[in-house]
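With the first letter of the sequence shown counted as 1, position 75 gets the number 77 in this note's numbering; the numbers rise by one all the way through.
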Amino acid sequence: MSSSTGKHASGTAGTQPAVPEPSFAERARTLMQTGRIGSLSTLSRKQPGFPFGSLMPYGLDDRGRPIFLISTMAMHTQNLEADPRSSLFVTEPDANGDALGSARVTLLGSAVRIE
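The following block contains the structure:
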């Protein structure tokens, strides 16, 4: 049986500085960079006041904001044209079967068309 006393060979205790935990913003940025597919929720035009969810691949611009390449025929596009308020839910790509234990983030905002 062996035991560890927390001392180095020189007899002094290790003085490695603690590694700071990433901030929530840093964690969200990392998740957005690794996710690439999320659930886009818009406000339904056909059923006013109700949410409409779509599985949506996305890219990120140079500031880390999501960019969607979407068809004008798609229902979520029509919803965004009527009311740009939306959310994007992204979860960890490899959730190991535990969706509730995986990292996730929801972004809220107003969609803007870029040309």
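Don't be surprised by glycine CBs; every beta carbon is placed ideally from N, CA and C.
Predicted, not measured: the structure shown is a model, and the values here were computed from it.
>> Which same chain residues end up closer than 8 Å to residue 105 when comparing Cβ atoms and leaving out the 5 residues on each side of it in sequence?
In response: Sequence index remark: in the sequence shown, residue 105 carries index 103 (1-based). Contacts found: 29, 33, 93, 94.
> For residue 111, which three-state DSSP category applies?
Replying inline: Residue numbering aside, residue 111 sits at position 109 when the sequence shown is read from its first letter. If DSSP states are grouped into helix, strand and coil, residue 111 belongs with the strands.
> Below 8 Å, can you find three or more Cβ-Cβ pairs linking the region 17–27 to the region 49–66?
Replying inline: Result no; under three Cβ-Cβ pairs closer than 8 Å.
>> Assuming contact is defined by CB atoms lying nearer than 7 Å, are residue 43 and residue 51 in contact in what I supplied?
In response: In the sequence shown, residue 43 corresponds to position 41, counting from 1. In the sequence shown, residue 51 corresponds to position 49, counting from 1. The answer is no: Cβ separation not under 7 Å.
> Taking C-alpha atoms, which residue in 107, 115, 27, 25 lies nearest to residue 81?
Replying inline: Residue numbering aside, residue 81 sits at position 79 when the sequence shown is read from its first letter. When only C-alpha atoms are compared, the closest one is 115.
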